[in-house]
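For reference, the structure discussed in these notes is given below.
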Amino acid sequence: MNQDFVNTLLLTGRLASWTTIILFVIGFPIAYLLAYKRFFLKAVVEALISMPLVLPPTVLGFYMLVAYSPQNAFGRLLAEHFNTRLAFSFEGVLIASVLFSLPFMIQPLQNGLTSIPKSYRETAYTLGKSEFTTFIRVLIPNMIPSIITAAAMTFAHCIGEFGVVIMVGGNMPGETRVASIAIYDEVQAMNYQTANQYSFILFIISLLILTLIYSMNGKKKILF
Amino acid sequence: MLKIDIQRSMLTSEGKTDLKVCTEIQDNELLCLFGHSGAGKTTLLRILAGLTTPDKGRIVFNDMVWYDSEKKINVPSQKRNVGYMFQDYALFPNMTVEKNISFAQKEKDKEEVDKLLKLFDLEALRNQHPPKLSGGQKQRVALARALAAKPNVLLLDEPLSALDFDLRLALQHEIRKAHDLLNTVTLMVSHDLQEVFHLATSVITIKNGIVINKGKPADIFNSKSFEYSHKVEYL
Numbered sequence: 010m011n012q013d014f015v016n017t018l019l020l021t022g023r024l025a026s027w028t029t030i031i032l033f034v035i036g037f038p039i040a041y042l043l044a045y046k047r048f049f050l051k052a053v054v055e056a057l058i059s060m061p062l063v064l065p066p067t068v069l070g071f072y073m074l075v076a077y078s079p080q081n082a083f084g085r086l087l088a089e090h091f092n093t094r095l096a097f098s099f100e101g102v103l104i105a106s107v108l109f110s111l112p113f114m115i116q117p118l119q120n121g122l123t124s125i126p127k128s129y130r131e132t133a134y135t136l137g138k139s140e141f142t143t144f145i146r147v148l149i150p151n152m153i154p155s156i157i158t159a160a161a162m163t164f165a166h167c168i169g170e171f172g173v174v175i176m177v178g179g180n181m182p183g184e185t186r187v188a189s190i191a192i193y194d195e196v197q198a199m200n201y202q203t204a205n206q207y208s209f210i211l212f213i214i215s216l217l218i219l220t221l222i223y224s225m226n227g228k229k230k231i232l233f
Numbered sequence: 684m685l686k687i688d689i690q691r692s693m694l695t696s697e698g699k700t701d702l703k704v705c706t707e708i709q710d711n712e713l714l715c716l717f718g719h720s721g722a723g724k725t726t727l728l729r730i731l732a733g734l735t736t737p738d739k740g741r742i743v744f745n746d747m748v749w750y751d752s753e754k755k756i757n758v759p760s761q762k763r764n765v766g767y768m769f770q771d772y773a774l775f776p777n778m779t780v781e782k783n784i785s786f787a788q789k790e791k792d793k794e795e796v797d798k799l800l801k802l803f804d805l806e807a808l809r810n811q812h813p814p815k816l817s818g819g820q821k822q823r824v825a826l827a828r829a830l831a832a833k834p835n836v837l838l839l840d841e842p843l844s845a846l847d848f849d850l851r852l853a854l855q856h857e858i859r860k861a862h863d864l865l866n867t868v869t870l871m872v873s874h875d876l877q878e879v880f881h882l883a884t885s886v887i888t889i890k891n892g893i894v895i896n897k898g899k900p901a902d903i904f905n906s907k908s909f910e911y912s913h914k915v916e917y918l
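Listed in order, the protein sequences are those of chains A and B. Residue numbering for the first sequence follows the working numbering, starting at 10 and increasing by one per position. Residue numbering for the second sequence follows the working numbering, starting at 684 and increasing by one per position.
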């Protein structure tokens with residue numbers, strides 16, 4: 010295995026890990042709001058979060074590139090005040106990856122929250138517990154399989170992401186060249202053996218993650 | 684003393700109706716709410732617990748106003764200090780029996796938890812998780828947990844409905860024990876006349892959201908008005 014091969018896999022893992030961690034932090038509050046609160050334009054917010062499920066990745070990638078451009082407000086703000094350009098950088102790909110993986114984190118978390126009987130929350134409230142305490146002590150421990158599913162689905166989806174990464178990040182070794190792009194690149198160069206190595210590793214990782222998810226679903230009833 | 688004067692619209696199988704309750708419940712009273720499904724009994728308990736907001740009215744416990752629509756006062760559930768026992772008991776599956784009880788305490792007191800475990804004969808089950816308990820055991824844990832919070836008012840929503848007849852008889856004793864220990868107001872929803880006669884110091888009968896009558900069980904259920912308006916439905 011050459012260094013380039015290892016670096017590409019490490020970069021893929023780094024992108025998937027950071028995407029999962031960031032989405033874990035921002036996904037919980039969003040899932041909580043969607044599961045339990047009623048607010049104006051809630052259906053629009055839910056539709057926007059689910060858009061990556063039906064939208065071609067190139068569409069999101071295109072709009073991300075437009076947003077990152079110094080000719081537009083967001084890109085100009087980053088360029089002038091932070092001296093940063095997100096297009097064709099790891100950070101730019103990471104932001105796009107977070108947006109594109111939103112439904113894979115939020116939907117399992119939202120389903121996990123709504124599947125917990127309402128009486129658990131209400132009992133905790135009548136016992137004097139705040140919404141936060143109830144969330145930490147009652148809700149989270151009773152939705153562990155959903156949390157694992159959310160994290161695993163996000164990670165698995167992210168390591169296989171192609172369209173958004175190539176649009177926003179291109180194919181820069183060590184910076185934006187993740188495994189799925191490397192496969193395409195190696196096939197174009199007719200290096201089928203290397204393409205096969207990448208493909209086999211992605212296949213095994215995805216299989217392991219999905220096996221974990223399905224085994225967790227089976228264990229749901231025997232966790233406690 | 685708990686003073687209730689509320690109104691709340693409800694959607695029942697017979698269409699839209701208003702729950703209207705105006706009553707006073709004395710300290711130490713174990714009041715049974717009696718009526719057919721959809722009459723508004725559970726809605727009334729939820730309103731008292733702060734889980735459902737009435738359309739208008741006033742609820743006062745001792746000198747504390749829990750709800751006043753005119754003054755826009757609505758004390759949240761967390762600050763009413765009520766013990767609410769749901770029909771499904773709502774025991775937290777991630778916590779053991781002991782943890783379920785100690786979670787309810789405002790200040791941790793292991794001796795008090797031990798006392799409650801002993802009182803409700805739960806010592807042997809203290810490290811068990813709720814999914815492994817029987818219906819009767821769950822009911823006792825839910826009662827112990829409700830008491831651990833030292834509530835001002837105990838609200839029991841058909842606490843024995845999921846149990847078989849023999850167990851119901853045995854656990855009526857536990858409810859009486861819980862009420863006596865708290866020495867405060869208890870409201871209990873029930874469909875079972877035997878249960879009402881055995882436990883209640885007073886009864887409110889509700890029909891389509893309206894309080895039909897209030898009094899001692901013997902007076903209510905032997906009255907002519909009850910016979911004509913309810914008996915056919917229940918007996």
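We put the CB at the ideal spot given by N, CA and C, even for glycine.
Worksheet item: If we count Cβ pairs, one from each stretch, closer than 8 Å, do we get three or more for the stretch 60-77 of chain A versus the stretch 190-209 of chain A?
Response: no
Discussion item. Tell me which residues share the same chain as T735 (chain B) and place their Cβ nearer than 8 Å to its Cβ, disregarding the 5 neighbours each side in the sequence.
Written reply: Residue 735 (chain B) sits at position 52 when you count from the first residue of the second sequence. Cβ neighbours of T735 (chain B) beyond the five flanking positions: R691, T726, R729.
Worksheet entry | Selection of the stretch 731-755 of chain B by Cβ proximity to chain A, strictly under 9 Å | A732, G733, L734
Worksheet item: Taking the DSSP output, what are the residues bridged to C715 (chain B)?
Response: By 1-based counting over the second sequence, the position of residue 715 (chain B) is 32. For C715 (chain B), which the question treats as bridged, DSSP gives the partners B:M871, B:V886.
Practice prompt. State whether the stretch 772-785 of chain B contacts the stretch 822-841 of chain B, with contact taken as three or more CB pairs (one from each stretch) at a distance under 8 Å.
Written response: yes
Fill in: Simplified DSSP assignment, three categories, for T158 (chain A)
Taking the first sequence and counting its residues from 1, one reaches residue 158 (chain A) at position 149. Three-state result, T158 (chain A): helix.
Fill in: Proximity below 8 Å, CB of G733 (chain B) to CB of W749 (chain B)
Numbered from 1 along the second sequence, position 50 holds the residue referred to as residue 733 (chain B). Numbered from 1 along the second sequence, position 66 holds the residue referred to as residue 749 (chain B). Taking 8 Å as the Cβ cut-off, G733 (chain B) and W749 (chain B) qualify as a contacting pair.
Item to complete: Please list the partners that Y134 (chain A) has in chain B, where partner means a Cβ-to-Cβ separation under 7 Å.
Response: In the first sequence, residue 134 (chain A) corresponds to position 125, counting from 1. Near Y134 (chain A) (Cβ distances below 7 Å), the residues of chain B are S760, Q761.
Discussion item. Does chain B have any CB closer than 8 Å to the CB of G121 (chain A)?
Written reply: Position 112 of the first sequence, counted from the start, is the residue given in the question as residue 121 (chain A). No, no contact with chain B.
Worksheet item: Cβ of D771 (chain B) less than 8 Å from any chain A Cβ?
Response: Taking the first residue of the second sequence as position 1, residue 771 (chain B) is located at position 88. So yes, D771 (chain B) belongs to the interface.
Worksheet item: With DSSP run on the structure shown, which of helix, strand or coil describes M747 (chain B)?
Response: Reading the second sequence from its first residue, position 64 is the one you call residue 747 (chain B). Note: M747 (chain B) maps to strand in three-state DSSP.
Worksheet item: Taking C-beta to C-beta, are V886 (chain B) and G898 (chain B) nearer than 8 Å?
Response: Numbered from its first residue, the second sequence carries residue 886 (chain B) at position 203. Numbered from its first residue, the second sequence carries residue 898 (chain B) at position 215. Yes, they are a contact pair.
Worksheet entry | Residue from B:M684, B:Q820, B:D902, B:S785 whose Cα sits closest to the Cα of L846 (chain B) | Here residue 846 (chain B) is taken as the residue at index 163 of the second sequence, counted from 1. Of the candidates B:M684, B:Q820, B:D902, B:S785, the one whose C-alpha sits nearest the C-alpha of L846 (chain B) is B:Q820.
Worksheet item: Whose CA, out of B:L685, B:L843, B:K860, B:I893, lies closest to the CA of D804 (chain B)?
Response: Working through the second sequence from its first residue, we reach residue 804 (chain B) at position 121. Considering only alpha carbons, the answer is B:K860.
Worksheet item: What are the residues that DSSP puts in a beta bridge with R691 (chain B)?
Response: The residue you call residue 691 (chain B) lines up with position 8 of the second sequence. B:L702.
Item to complete: Could you tell me which chain A residues have their CB closer than 8 Å to the CB of N757 (chain B), listed as they occur along the chain?
Response: Taking the second sequence and counting its residues from 1, one reaches residue 757 (chain B) at position 74. Within chain A, no residue comes near N757 (chain B); the closest Cβ sits about 13 Å away, beyond 8 Å.
Worksheet item: What does R741 (chain B) pair with, by DSSP beta-bridge criteria?
Response: Along the second sequence, one-based indexing puts residue 741 (chain B) at 58. R741 (chain B) pairs with B:D688, B:D751.
Worksheet item: In whole angstroms, what is the alpha-carbon distance linking H166 (chain A) and K791 (chain B)?
Response: Locating residue 166 (chain A) in the first sequence gives position 157, where the first residue counts as 1. Locating residue 791 (chain B) in the second sequence gives position 108, where the first residue counts as 1. Using only the alpha carbons, I get a separation of about 44 Å.
Item to complete: Excluding the 5 residues preceding and the 5 following A722 (chain B) in the sequence, name in chain order all residues of the same chain whose CB lies nearer than 7 Å to its CB.
Response: What you label residue 722 (chain B) is simply residue 39 of the second sequence in a count that begins at 1. I889, K890, N891, G892.
Worksheet item: When you compare only the Cα positions, how much space is there between A105 (chain A) and L221 (chain A)?
Response: For this step, residue 105 (chain A) is matched to residue 96 along the first sequence. For this step, residue 221 (chain A) is matched to residue 212 along the first sequence. When the Cα atoms are used, A105 (chain A) and L221 (chain A) turn out to be separated by approximately 26 Å.
Worksheet entry | Expected contact under 8 Å - CB spacing of F113 (chain A) and M162 (chain A) to nearest Å | Counted from its first residue, the first sequence places residue 113 (chain A) at position 104. Counted from its first residue, the first sequence places residue 162 (chain A) at position 153. Correct: roughly 4 Å between the Cβ atoms.
Worksheet entry | Cutoff 8 Å: A853 (chain B) Cβ touching any chain A Cβ | Here residue 853 (chain B) refers to the residue found at position 170 when the second sequence is read from its first residue. Chain A contact via Cβ: absent.
Worksheet item: What residues are listed by DSSP as bridge partners for Y767 (chain B)?
Response: Counted from its first residue, the second sequence places residue 767 (chain B) at position 84. Bridge partners of Y767 (chain B): B:L838.
Fill in: Proximal residues to D688 (chain B) (C-beta, below 7 Å), its chain only, five neighbours per side dropped
Within the second sequence, residue 688 (chain B) is the residue found at index 5, counting from 1. Same-chain partners within the cutoff: C705, G740, R741.
Worksheet item: Any idea what DSSP makes of P900 (chain B), helix, strand or coil?
Response: Residue 900 (chain B) sits at position 217 when you count from the first residue of the second sequence. Of the three classes helix, strand and coil, the one that applies to P900 (chain B) here is helix, per DSSP.
Discussion item. Please classify Y129 (chain A) as buried or exposed, where buried requires at least 16 neighbouring CB atoms within 10 angstroms.
Written reply: Here residue 129 (chain A) corresponds to residue number 120 of the first sequence, with the count starting at 1. That one is buried.
Fill in: C-beta neighbour in chain A for F786 (chain B), strict 8 Å
As a first step, residue 786 (chain B) is located in the second sequence; it is residue number 103 there, counting from the start. So yes, F786 (chain B) belongs to the interface.
Discussion item. Which same chain residues end up closer than 7 Å to G179 (chain A) when comparing Cβ atoms and leaving out the 5 residues on each side of it in sequence?
Written reply: Counting from 1 along the first sequence, the entry for residue 179 (chain A) is found at position 170. So the qualifying residues of the chain are F97, T185.
Practice prompt. Helix, strand or coil for E707 (chain B), going by three-state DSSP, please let me know.
Written response: Numbered from 1 along the second sequence, position 24 holds the residue referred to as residue 707 (chain B). Correct three-state label for E707 (chain B): strand.
Practice prompt. Confirm, please, whether the CB-CB distance from L24 (chain A) to V102 (chain A) is below 8 Å.
Written response: In the first sequence, residue 102 (chain A) corresponds to position 93, counting from 1. In the first sequence, residue 24 (chain A) corresponds to position 15, counting from 1. Here V102 (chain A) is near L24 (chain A), since their CB atoms are less than 8 Å apart.
Item to complete: Run down chain A in chain order and give the residues with a C-beta less than 8 Å from the C-beta of N764 (chain B).
Response: Taking the second sequence and counting its residues from 1, one reaches residue 764 (chain B) at position 81. The contacting residues are G137.
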